[in-house]
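Visitor:
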Amino acid sequence: MTFARLLPLCLLLGLSPAGAQTIERHEIDAGAAALEAKVIGWRRDFHAHPELGNREVRTAGLVAAHLRALGFDSVRTGVAHTGVIGLLTGARPGKVVALRADMDALPVTEQTGLAFASTVRTTYNGQDVGVMHACGHDAHIAILMGVAELLAARRDRIPGSVKFIFQPAEEGPPADEDGGADMMVREGALQDPVPDAIFGLHVGPRDLNRLYYAVGPMLASADVVNIHVKGRQTHGASPWRGIDPIVVAAQIVLGLQTIHSRQIDTREAAVISIGSIHGGVRNNIIPDEVEMIGTIRTHDQGVRADIKSRVVRTAESIAASTGATASVTFGFGIPVAYNDPALVARMVPTLERVAGAAGAVPTPAVMGYEDFSYYQQQVPGMFVFLGARPPEISEDDAAPNHSPRFVIDESALQTGVRALASLALDFLAQE
187 MTFARLLPLC
197 LLLGLSPAGA
207 QTIERHEIDA
217 GAAALEAKVI
227 GWRRDFHAHP
237 ELGNREVRTA
247 GLVAAHLRAL
257 GFDSVRTGVA
267 HTGVIGLLTG
277 ARPGKVVALR
287 ADMDALPVTE
297 QTGLAFASTV
307 RTTYNGQDVG
317 VMHACGHDAH
327 IAILMGVAEL
337 LAARRDRIPG
347 SVKFIFQPAE
357 EGPPADEDGG
367 ADMMVREGAL
377 QDPVPDAIFG
387 LHVGPRDLNR
397 LYYAVGPMLA
407 SADVVNIHVK
417 GRQTHGASPW
427 RGIDPIVVAA
437 QIVLGLQTIH
447 SRQIDTREAA
457 VISIGSIHGG
467 VRNNIIPDEV
477 EMIGTIRTHD
487 QGVRADIKSR
497 VVRTAESIAA
507 STGATASVTF
517 GFGIPVAYND
527 PALVARMVPT
537 LERVAGAAGA
547 VPTPAVMGYE
557 DFSYYQQQVP
567 GMFVFLGARP
577 PEISEDDAAP
587 NHSPRFVIDE
597 SALQTGVRAL
607 ASLALDFLAQ
617 E
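Each residue of the sequence shown is one higher than the last, beginning at 187 in the working numbering.
1. Is it right to say D409 is buried, meaning 16 or more other beta carbons lie within 10 angstroms of its own, or is it exposed?
2. Between T500, G465, Y555, P566, which lies nearest to L405 when the distance is taken from Cα to Cα?
3. Could you tell me the distance, in whole angstroms, from the CA atom of P431 to the CA atom of G480?
4. What does K416 pair with, by DSSP beta-bridge criteria?
5. Could you tell me whether the segment 584-597 touches the segment 314-321, where touching means 3 or more Cβ pairs closer than 8 Å?
6. When the Cα of A255 is compared with those of E242, L273, R241, G264, which residue comes out closest?
7. Pull up the DSSP beta-bridge partners for G480, would you.
8. F558 and F569 look like a contact to me (Cβ under 8 Å); what is the Cβ gap, rounded to whole Å?
9. For A287, list the residues DSSP reports as bridge partners.
10. Report the rounded CA-to-CA distance for A338 versus E578, giving the unit in angstroms.
11. Is A546 helix, strand or coil by DSSP?
12. Given that a residue counts as buried once 16 or more other Cβ atoms are within 10 Å of its Cβ, and exposed if not, what is P550?
13. Reducing DSSP to helix, strand and coil, say where I429 ends up.
14. List in chain order: all unbroken beta strand (DSSP E) runs of 3+ residues lying wholly within the segment 255-312.
15. For I209 versus R396, is the C-beta spacing smaller than 8 Å?
16. So what does DSSP say about V603, is it helix, strand or coil?
17. Determine contact between the segment 436-443 and the segment 491-510, defined as no fewer than three beta-carbon pairs at a distance below 8 Å.
18. Should P425 go down as buried or exposed, given a rule of 16 or more other Cβ atoms within 10 Å for buried?
19. Between V593, S597, A383, L606, which lies nearest to E296 when the distance is taken from Cα to Cα?
20. Sorted by chain position, which residues of the same chain lie with C-beta nearer than 7 Å to A510's C-beta, five sequence neighbours on each side aside?
21. Among the residues of its own chain, which have a CB less than 6 Å from the CB of V547, if the five just before and after it don't count?
22. Out of R604, Y560, A574, point me to the one whose CA is closest to V371's CA.
23. Report all residues from its chain with a CB closer than 6 Å to the CB of T601; omit the five preceding and five following residues, and keep chain order.
24. Kindly indicate which three-state DSSP category I384 falls into: helix, strand or coil?
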């Protein structure tokens, strides 16, 4: 049996590898159970009062007040607009571990029928929209607040420090604004002190109270691609007198689909999807130009760069062959979320203790994205999915994240508190 496998047993007995007293794991479980009602209350409050990215003023205020009331060594606010960073220093020297939760909601009108459902409306990109925690960030905030309270009460036995990162705008900042994890990193979220590792989790409609992890790629990179096709306007009855950018755009869409199927190793996971095409205003007028936007997803940074170069070449070459022009730009640009293999190997026993041996489930990487990847580019990181599907809802009937009908079973909150607290303490106890 490896040292990594033996370590949680040492911790369960209340001993660190050096024999010093530490926090027993059954104490963490009991503490999480005692906090459950409070964590559920926080989650429901955040759910009823959602705020969009870079607008999480009320949310951040409640988080900061909570950390200050717990006696944190420092509480920094206004990071990347509304982010909050708290530092809890244990009584014994040691390493630094970071835990992260995202705080923003989505421009979605809620249809769950919950007693605490959101009725909030606001303006987003010039449109009147409903606002909903349709991706579970309300649960993430409440879980991390619970972990903060649980660990603060036991700081006299913590070896090292725990940095709590409450991040805005994970779903992306509003148009023409900066934000999210990238901005948090640039504004020093991983400095003073620098974490030795960072952990995060995300609830979703998987099996209740199971913890899912991947070794290496966990979530995809995400790039927005914008292709502007310039032709020459003419009457629809005489297309030979102009250059039809609509036909060129159609050819480009089809050409892009051959990049993954014919130009790169098909064993590499990748998606190129065009989600919007706009051009023209009338049935019998061929327009001057067409605008297309889409998304590119990959699980490898090298493949990501290769696909982007091929998208440019494909669009420009197809357009040139017709006498049109195509210009390609990329935006957003979230990197691959990559779980550090050595860190995962060390921490899987912790997940197995929290969720049971059968409840810690290795999972393939998914094509969704998470800007937690920006932290993982700086320090070793591990991201975990927490199953929160109510047992009365089948897998086929469960609403996905971002749906107006997305719901969770709140018993997952206690599992989340146990998981993040245990990951932090077990990491700090390791030599």
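The beta-carbon is built from N, C-alpha and C at its ideal position, and this holds for glycine as well.
Note that the structure is a prediction, hence the values are computed from the model and not measured.
Guide: Reading it off the structure:
1. buried
2. Y555
3. 17 Å
4. E475, T511
5. yes
6. L273
7. V411, I460
8. 5 Å
9. For A287, which the question treats as bridged, DSSP gives the partners F352.
10. Those two C-alpha atoms are separated by around 36 Å.
11. The DSSP-derived three-state label of A546 is strand.
12. Around the beta-carbon of P550, fewer than 16 other beta-carbon atoms lie within 10 Å, marking it exposed.
13. Here I429 carries a strand assignment [DSSP, helix/strand/coil].
14. 260-265, 269-275, 278-288, 307-310
15. no
16. helix
17. yes
18. exposed
19. The shortest Cα separation from E296 among V593, S597, A383, L606 belongs to V593.
20. Spatial neighbours of A510 in its own chain (CB-CB distance under 7 Å, excluding positions within 5 residues in sequence) are listed in chain order as V415, K416, G417, I429, P431, V434.
21. R396, Y398
22. Y560
23. N395
24. strand
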